[in-house]
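What follows is a single structure, written as structure tokens, with notes after it.
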Amino acid sequence: MIKILILSFLFSLTAFDFKSQPEQILTTKLQVTVRDDLGNLVEGADVRLFKTEEDYNKEQNQVGATLKTDAKGKASFNELEPAVYYIIAEKGDKDNSGAGTKTESLTAKKVNKITLIIS
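Numbering-wise, the sequence shown is residues 28 to 146 according to the working numbering.
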């Protein structure tokens with residue numbers, strides 16, 4: 028009887044499809060938080076990325092679309108290459124020029140974070 032139960036159990040295991048799940052695909056991301064000179068979060072700021080300092084200075088060849096910060100002052104860029112980026116954040120007459128315009132080289136397959144101050 029026990030042999031029949033064991034065989035039945037083993038047979039039932041083979042009836043299930045134990046395909047391995049595909050690995051979760053992680054991408055390199057950059058989360059930018061924008062604050063004003065008093066430290067308050069800035070909602071609705073435009074945030075743009077550039078791959079080179081020359082493109083940043085000329086404001087050309089932008090990486091991806093311009094994003095707006097949410098109510099928590101955050102804008103997230105997805106599916107980036109692990110590289111250095113130059114950032115322009117602006118709202119009205121305030122921007123981050125002269126301070127905090129360049130990231131460190133982004134770490135691959137991670138959410139990289141940076142906080143910018145606009146004044």
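Idealized CB from N, CA, C, for every residue including glycine.
Span of the alpha helix (DSSP H) around residue i
i       : result
Tyr-113 : Tyr-113 -> not in any alpha helix (DSSP H); beta strand (DSSP E) instead, spanning 113 to 118.
Asp-82  : 80 to 85
Enclosing beta strand (DSSP E) for residue i [first to last residue]
i       : result
Asn-105 : 101 to 107
Contacting residues, own chain, Cβ-Cβ under 6 angstroms from residue i (five flanking each side not counted)
i       : result
Ile-115 : Arg-75
Lys-140 : Gln-58
Identified DSSP bridge partners for residue i
i       : result
Ile-145 : Asp-63
Leu-68  : Arg-62
Phe-76  : Residue 76 is actually Leu in this sequence, not Phe. Bridge partners of Leu-76: Val-90 and Ile-114.
Ile-55  : Per the sequence shown, residue 55 should be read as Thr rather than Ile. Bridge partners of Thr-55: Leu-107.
Lys-129 : Tyr-113
Other residues of its chain near residue i: CB distance less than 7 angstroms, five sequence neighbours each side excluded
i       : result
Thr-142 : Thr-60 and Arg-62
- Message: Three or more C-beta pairs under 8 angstroms: does that hold for the stretch 126 to 133 against the stretch 90 to 97?
- Response: They do not touch, by the three-pair rule.
- Item | At least three beta-carbon pairs within less than 8 angstroms, the stretch 57 to 73 to the stretch 106 to 124 | Counting C-beta pairs closer than 8 angstroms gives three or more between the stretch 57 to 73 and the stretch 106 to 124, which meets the contact rule.
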